[in-house]
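Add 532 to the 1-based position in the sequence shown for this note's numbering, that's all there is to it. We put the CB at the ideal spot given by N, CA and C, even for glycine. Computed from a prediction, not measured in an experiment: that's the story for all the values here.
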Amino acid sequence: MSLAAWSIGGICFGLGLVAALMARARVPMFPAFALPLVWLIALVAFGVTLPAAPAPYFQAGGALGWGVLTASGLWLMGAFVGSRLHYEWLGALLPLSAPMLALAFAREGLLPALWGVGIATGLMWTILGRAWASLESVALSVLALCWATALATYAGAPLWFGVCLAGAGLAAFGLATLLARGGRIGWRYSYILLFGGFVLTSVGYRLAGSDAPWLELVLITLLAATLARGLSGSELWSRYALLVWLGLLAAAFATMRGFGLAVCALMTALHALVMTHREFTRTTAHENALYVAGALLLTSVLGFRLFTLSYPLRPPRADLYLYFTLLAFLIALIGLGALALWWSQRGERSPLWRSLLAGFWASVAPLGLTAVFSERAAAGWTAGALGAALSAYLYGNRLFHWIAPLSMLGLILVLPLGSLATTVADMPRATRIGAAVGLTVALALTAIVIAIAERDLNAVDEH
């Protein structure tokens, strides 16, 4: 890592602290006071990711720590600008610029830097997800951009194509905002600007000599978005329009070793970012949920594709029908639903410690299962987490927006840290049993603490 890279990271992180303190001064209540906490946690995460000697999952120079440092500062600034100053376009631009900075300043450790950006995104989404209305779609866009850029290194695709697509989406967002201020409000303006930008980007790469099917990917995404829009008129049937996104996934999955899926996932996430801004699109709540669910589906499968490339499953671990894969799938499917239900019990006024605890277990559980049962458990957890989120959406459950960040946290952390967890899985059976017992004891202690805390809170409520 160069001095320029560390200077940029330090500046971003310092400005993030300023934004956190300003937010706290403006509104001294939740979630404003959580901003300095996010800054503090990011600082701790940054320190942890700077080893004295590079470990197997670190690149020399601490690129993972640099990604956490830089993206945390940009996220804090974006959350402040978007939620407190109400400049949504600028708020989205700041965190989405983190992968671009990684491409510019961390090319030697690009993948760890992108993993660090993902960790900062998961942290922000969990703790401040309800503080900023646009944060959900911005987080999915950042993850899709990071993972598309990472997958480009495996597929031999242009590294900057995802950044150009994101730039087109943000340009459409900004132009739609200007049109809305002039009184031109409606989803059609945003729709035309967004996909017009995607088409121009694809044509530009084609004219530059690239023979990849960029335009075809834009057209099938446009078709899927149009069908989703047409089916969203009914609150009931709009849920089953999720099949449209499945069709898009099937159509793009095998293109360019999965990079076609990455392109469609990024466009779908940017589509959700622009179209869910109801102040100038005037879309309905269930329509917006459909767009976010589609972005969550494609981005999750994109992350899983990266996981299979990073940790290829070989016999005997390759058999996805093994008991431990199914066990992890069921634990994620049921456990994340229960965790989200507990987290959401006090609604938007849910105390911060609930957010921290929910995020902790959504992160630790997949790593712990991977340590005990190897990569096959991580594969099962990823599928179960996605199933839990989509089930909540499909059946109209209010838990969808609570479970969405929890479903992504495990995948965000397994990508960079899976190699550490699998080293435990290769140890003797007694060591793995000890790890499983330790997780069980920690879970039991957590349940006891929650029971005591809930009893005290209920007693206060009664008085």
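{"Asked": "Residue 618 versus residue 652 - alpha carbon distance", "Found": "22 Å"}
{"Asked": "Residue from 672, 803, 682, 688 whose Cα sits closest to the Cα of residue 727", "Found": "803"}
{"Asked": "Whole-number beta carbon distance between residue 867 and residue 897, since they are thought to touch under 8 Å", "Found": "7 Å"}
{"Asked": "Continuous alpha helix (DSSP H) assignments of at least 4 residues falling wholly in the region 801-867", "Found": "810-813, 817-842"}
{"Asked": "Opening and closing residue of the alpha helix (DSSP H) in which residue 651 lies", "Found": "642-660"}
{"Asked": "Reduced DSSP secondary structure (H/G/I, E/B, other) of residue 578", "Found": "helix"}
{"Asked": "Outcome for residue 539 when other beta-carbon atoms lying within 10 angstroms are tallied against a minimum of 16", "Found": "exposed"}
{"Asked": "Below-8 Å beta-carbon distance, residue 814 vs any chain C residue", "Found": "No chain C appears in the structure shown, which is made up of a single protein chain."}
{"Asked": "Terminal residues of the alpha helix (DSSP H) in which residue 744 lies", "Found": "Premise fails: residue 744 is in no alpha helix (DSSP H) and is neither H nor E."}
{"Asked": "Runs of alpha helix (DSSP H) lying entirely within the region 595-625, each at least 4 residues, in chain order", "Found": "595-615"}
{"Asked": "Closest by C-alpha distance to residue 871, when choosing among 967, 750, 939", "Found": "939"}
{"Asked": "Residue 689 - containing alpha helix (DSSP H), residue span", "Found": "That residue, residue 689, is in no alpha helix (DSSP H); it is neither H nor E in DSSP."}
{"Asked": "Residue range of the alpha helix (DSSP H) that includes residue 935", "Found": "932-957"}
{"Asked": "Cα-Cα separation, residue 688 to residue 791", "Found": "9 Å"}
{"Asked": "Environment of residue 903 [buried if 16+ CB atoms lie within 10 Å]", "Found": "buried"}
{"Asked": "Simplified DSSP state of residue 878, which is helix, strand or coil", "Found": "coil"}
{"Asked": "Nearest neighbour of residue 793, chosen from 829, 825, 774 [CA to CA]", "Found": "829"}
{"Asked": "Alpha-carbon spacing of residue 681 relative to residue 631, whole angstroms", "Found": "8 Å"}
{"Asked": "Limits of the alpha helix (DSSP H) - the one that residue 887 falls within", "Found": "884-905"}
{"Asked": "DSSP state of residue 716 mapped onto helix, strand, coil", "Found": "coil"}
{"Asked": "Distance between residue 660 and residue 578 (C-alpha atoms, nearest Å)", "Found": "19 Å"}
{"Asked": "Of the residues 542, 605, 725, 534, the one placed nearest residue 569, counting alpha carbons only", "Found": "605"}
{"Asked": "7 Å Cβ shell around residue 733 - same chain, five flanking residues per side excluded", "Found": "696, 697, 700"}
{"Asked": "Nearest residue (CA-CA) to residue 715, options 647, 811, 807", "Found": "811"}
{"Asked": "contact_flag[the region 625-645, the region 918-926] where n(CB pairs < 8 Å) is 3 or more", "Found": "no"}
{"Asked": "Residue 522 vs residue 609 beta-carbon contact at 8 Å", "Found": "The requested residue 522 does not occur in the structure, where the chain is confined to residues 533 to 995."}
{"Asked": "Backbone CA spacing between residue 746 and residue 854 [nearest angstrom]", "Found": "38 Å"}
{"Asked": "Residue 667 and residue 679 closer than 8 Å at C-beta", "Found": "no"}
{"Asked": "Environment of residue 807 [buried if 16+ CB atoms lie within 10 Å]", "Found": "buried"}
{"Asked": "Residue 833 versus 856, 796, 819, 858, residue with shortest Cα-Cα distance", "Found": "796"}
{"Asked": "Limits of the unbroken alpha helix (DSSP H) element including residue 778", "Found": "774-784"}
{"Asked": "For residue 670 and residue 710, the rounded distance between their alpha carbons", "Found": "19 Å"}
{"Asked": "Inter-residue spacing [alpha-carbon to alpha-carbon] between residue 551 and residue 961", "Found": "49 Å"}
{"Asked": "Chain-order list of residues whose beta-carbon lies under 8 Å from that of residue 626 (same chain, five-residue window excluded)", "Found": "606, 607, 609, 610, 613"}
{"Asked": "Residue closest to residue 616, alpha-carbon to alpha-carbon, out of 602, 663, 603", "Found": "663"}
{"Asked": "Among 748, 738, 575, 768, the one whose alpha carbon lies nearest that of residue 780", "Found": "748"}
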